[in-house]
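**Student:** Let me give you the structure first, and then I'll get to my questions.
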Amino acid sequence: MESVARSQPTAGADPAVRKEETLIYRQSRWTRLTHWIWAISLFFMLLSGLQIFNARPQLYIGKQSGFDYNNTIFAIGAESTDAGTRGYTEIFGHRFDTTGVLGWSGPAGQETARGFPSWATVPSYYDLGTARVIHFFFAWILTTTLIVWLVASTVNGHLRRDLAPRLDDLKRLPQDIIDHARLKFHHTREYNTLQKMAYGGVLFVLLPLMIITGLAMSPSMDSVLPFLNDLLGGRQTARTIHFTVMVLLVAFFIIHILMILAAGPINELRSIITGWYRTDPPAQDDNSTERSA
Numbered sequence: 001m002e003s004v005a006r007s008q009p010t011a012g013a014d015p016a017v018r019k020e021e022t023l024i025y026r027q028s029r030w031t032r033l034t035h036w037i038w039a040i041s042l043f044f045m046l047l048s049g050l051q052i053f054n055a056r057p058q059l060y061i062g063k064q065s066g067f068d069y070n071n072t073i074f075a076i077g078a079e080s081t082d083a084g085t086r087g088y089t090e091i092f093g094h095r096f097d098t099t100g101v102l103g104w105s106g107p108a109g110q111e112t113a114r115g116f117p118s119w120a121t122v123p124s125y126y127d128l129g130t131a132r133v134i135h136f137f138f139a140w141i142l143t144t145t146l147i148v149w150l151v152a153s154t155v156n157g158h159l160r161r162d163l164a165p166r167l168d169d170l171k172r173l174p175q176d177i178i179d180h181a182r183l184k185f186h187h188t189r190e191y192n193t194l195q196k197m198a199y200g201g202v203l204f205v206l207l208p209l210m211i212i213t214g215l216a217m218s219p220s221m222d223s224v225l226p227f228l229n230d231l232l233g234g235r236q237t238a239r240t241i242h243f244t245v246m247v248l249l250v251a252f253f254i255i256h257i258l259m260i261l262a263a264g265p266i267n268e269l270r271s272i273i274t275g276w277y278r279t280d281p282p283a284q285d286d287n288s289t290e291r292s293a
């Protein structure tokens with residue numbers, strides 16, 4: 001079903017610069033609904049996940065962890081120095097002073113030793129039980145929505161039509177990279193190659209990997225999926241992968257917001273809220289009709 005609305009040229013405008021703009025129905029209700037469900041779910045999963053991480057702010061590779069093993073790859077902590085207590089972050093044996101943010105943070109004179117600061121966690125105070133309830137609640141919402149979206153998008157052709165990269169997309173990839181580097185954006189019905197690759201990476205790699213590693217860390221799932229831990233290299237490795245995926249999702253979110261601001265936030269937000277998107281004026285020799293989402 002096609003949905004296209006064309007705006008009329010302004011009366012009295014110079015014919016040389018008069019252009020016809022087109023509003024298209026780019027995002028379906030289902031796409032918009034799942035987008036915001038995922039956004040809300042990931043927000044609360046991130047903040048509650050950081051609270052859970054604070055219970056043991058270290059990451060390991062392998063099946064074991066503790067003082068008897070030398071497999072720590074990431075740690076946040078606090079230590080006493082001649083200058084007082086200082087927070088630190090250690091990555092692959094390289095230590096950085098992160099006082100005030102990671103390891104040692106809080107209001108002046110009331111600092112405490114904690115991995116991530118109170119403003120970055122839910123709840124803000126230390127409460128592992130509540131954090132786990134919030135984390136698992138939104139994790140199941142995200143998982144259920146993702147499965148339903150995957151089935152529906154396969155049936156209605158959204159995956160094949162809008163997200164699957166085609167040969168022409170791959171040929172345009174170098175130019176897409178150059179255009180994005182120059183902040184030159186083309187407002188069209190179709191996603192560009194970088195968008196398809198980014199969205200596909202999140203929906204088919206990062207989110208499933210987040211779910212699988214989350215299940216692998218659950219002791220109750222060991223009896224249901226006993227092979228999962230061995231497949232991922234142990235519970236500690238699964239936890240490290242889980243944390244890494246979280247970092248990649250945060251990086252995606254930051255880049256996503258920057259691209260929205262650069263491409264035109266009003267148009268982009270209107271698209272994901274109402275479904276309607278303003279495209280570039282069609283070329284003089286372009287008589288094709290835009291497709292709806």
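Position one of the sequence shown corresponds to residue 1 (UniProt numbering), numbered consecutively onward.
Ideal placement from N, C-alpha and C gives every residue a C-beta, glycine not left out.
(1) To the nearest angstrom, how far is it from the Cα of residue 72 to the Cα of residue 236?
(2) By a C-beta neighbour count over all protein chains shown, 10 Å radius and 16 as the cutoff for buried, is residue 25 buried or exposed?
(3) Compute the distance between the beta-carbons of residue 104 and residue 111, then report whether it is under 8 Å.
(4) Does the segment 72–90 come within contact of the segment 260–268, defined as at least 3 CB pairs closer than 8 Å?
(5) Please classify residue 238: is it buried, with 16 or more other beta-carbons within 10 angstroms of its beta-carbon, or exposed?
(6) So, are the CB atoms of residue 272 and residue 27 less than 8 Å apart?
(7) Does the distance from the CB of residue 52 to the CB of residue 135 come in under 8 Å?
(8) Thinking residue 116 and residue 198 are a contact (beta carbons under 8 Å), I'd like their distance in whole angstroms, please.
(9) From residue 233 to residue 127, what distance separates their C-alpha atoms?
(10) What's the C-alpha gap between residue 35 and residue 83?
(11) Of the residues 48, 247, 216, which one's Cα is nearest the Cα of residue 137?
(12) Are the CB atoms of residue 240 and residue 22 within a distance shorter than 8 Å?
(13) Restricting to Cα atoms, I'd like to know which of 248, 229, 269, 174 is closest to residue 63.
(14) Please state whether the Cβ-Cβ distance between residue 275 and residue 32 is less than 8 Å.
(15) CB-CB under 7 Å to residue 44, same chain, minus the five flanking residues each way: which ones, in chain order?
(16) Is the separation between the beta-carbon of residue 59 and that of residue 243 shorter than 8 Å?
(17) Given this structure, state the Cα-to-Cα distance separating residue 191 from residue 114, to the nearest angstrom.
(18) If you drop the 5 nearest sequence neighbours on each side, which residues of the same chain put their C-beta closer than 7 Å to that of residue 41?
(19) For residue 6, count neighbouring C-beta atoms within 10 Å of its own C-beta (all shown protein chains included) and say buried if the count is 16 or more, exposed if not.
(20) Grab me the residues of residue 250's own chain with a C-beta within less than 8 Å of its C-beta, minus the 5 sequence neighbours each way, in chain order.
(21) Once you ignore the five residues that flank residue 217 on each side, which residues in its own chain have a CB closer than 8 Å to its CB?
(22) In the DSSP assignment, find the unbroken beta strand (DSSP E) run with residue 96 in it and report its ends.
(23) Exposed or buried, what is residue 269 when buried is set at 16 or more other beta-carbons lying within 10 Å of its beta-carbon?
(24) Locate the alpha helix (DSSP H) running through residue 199, then write down its first and last residues.
**Tutor:** Put simply:
(1) 10 Å
(2) buried
(3) yes
(4) no
(5) buried
(6) yes
(7) Contact: yes.
(8) 26 Å between Cβ atoms; not a contact.
(9) Rounded to the nearest whole angstrom, the CA to CA distance from residue 233 to residue 127 is 29 Å.
(10) 47 Å
(11) 48
(12) no
(13) 229
(14) yes
(15) Excluding positions up to five away in sequence, the list reads 122, 134, 138.
(16) Taking 8 Å as the cut-off, the beta carbon of residue 59 is found closer than this to the beta carbon of residue 243.
(17) 42 Å
(18) 138, 141, 142
(19) Confidence in residue 6 is poor, its pLDDT being 49 and thus under 50, which makes the residue's placement too unreliable to answer from.
(20) 46
(21) 235, 238, 239, 242
(22) Residue 96 -> beta strand (DSSP E) spans 94–97.
(23) exposed
(24) Where residue 199 is concerned, the enclosing alpha helix (DSSP H) stretches over 193–201.
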